[in-house]
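Colleague: I am attaching a structure below and will ask some questions about it afterwards.
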Amino acid sequence: MKKLFTIFISAVIALSICACGGGAKPTETTVEVSTTMEETTTEEETNEEIIPPKKVGDTAETEFYRFTLKDAKLSDNILVCYGDNAKKSTFVNAEEFFTATDEAFVDEEGYVIEGIHGFNQNKESDNTFLYYAFDFEYIGKEQRTSVKYDFAPRVVYNSEYTFDSDYFSMYRTRNNSKVSTWANFDSDSEATATVKALGLEIGYFNGSIKPLSDDIYEVRGVIQIPKKIKEDSNRELILYLCGVPYEIH
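When you line the sequence shown up against the working numbering, it's residues -10 to 238, in that order.
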């Protein structure tokens, strides 16, 4: 059996890929995060146009990007990879890497289930994840250096409550038949410690794209929001990417 380590950062997140040998009950570790402020002008901040909400699967086009939200759902479980181990050399190439799932990673006694690796919100947590996945290509005319800030997620619940922190995402590029390995795309200061603690600090996007690039960027991310939203069957939930609203069901 493997022991499950529990990490606290605004909410409780359990991870099977960080588990190690032993038969004891899960232990708990507290991660303290220092917050830094950085000023950037994003595409969302400069976009004053009121845009009707799009749906999952719709393609949007802005001055700099053409992108399609492929998937979005509320989930407590994020899959990292299948297999006997969750070494970095395995999951950075896994097709299933960083996807929402209903499969459990731990049993009822809190021990890791063999053959599946991921992280999840603890049952006692007041939070859940909004998982999102999108592809984008750069269509701007000049080099842009604030790409990851442009795509920083913002969630609005029932037109009243806004959530724009505790997020992190991964990406890879496709260019014809060439596909890169997964790496970090972005994370806010509140989630940076979580990324490191989960063992998912796997290289970084430099934040810059030059024009006429043929690369397609595939991004998969999560943002932490209150579980009450998931329990509200009449919710109105909007995810903003680059100032473009997407309706999430």
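Just so it is clear, CB atoms sit at the ideal spot from N, CA and C, and this is done for glycine as well.
(1) Look up H106 in the DSSP assignment and give the residues it is bridged to.
(2) Relative to the C-alpha of M159, which residue among T90, G72, G192, D91 is closest?
(3) Who are V233's beta bridge partners in DSSP?
(4) Would you check if the distance between the CB atom of L278 and the CB atom of Y120 is smaller than 9 Å?
(5) Thinking K199 and F174 are a contact (beta carbons under 8 Å), I'd like their distance in whole angstroms, please.
(6) Mind reading off the beta-carbon distance from A61 to Y235? Whole number of angstroms is fine, and I expect it under 8 Å.
(7) Do D204 and T151 come within 9 Å of each other at the CB atom, strictly closer than that value?
(8) Using a 10 Å radius around the Cβ and a threshold of 16 neighbouring Cβ atoms, would you call I40 buried or exposed?
(9) The beta strand (DSSP E) spanning T88 covers which residue range?
(10) Write down the C-beta distance between P215 and D115 rounded to the nearest angstrom, noting that I regard them as a contact closer than 8 Å.
Modeller: The short version:
(1) C70
(2) Residue G192 is the option with its Cα nearest to M159.
(3) L230
(4) In the structure as shown, the chain starts at -10 and stops at 238, and residue 278 therefore has no counterpart that could be examined.
(5) Their Cβ separation, rounded to whole angstroms, is 17 Å, which puts K199 and F174 out of contact at 8 Å.
(6) Yes, they are in contact, since the Cβ atoms of A61 and Y235 sit about 7 Å apart, within 8 Å.
(7) no
(8) exposed
(9) First-last of the beta strand (DSSP E) with T88: 88 to 90.
(10) 6 Å
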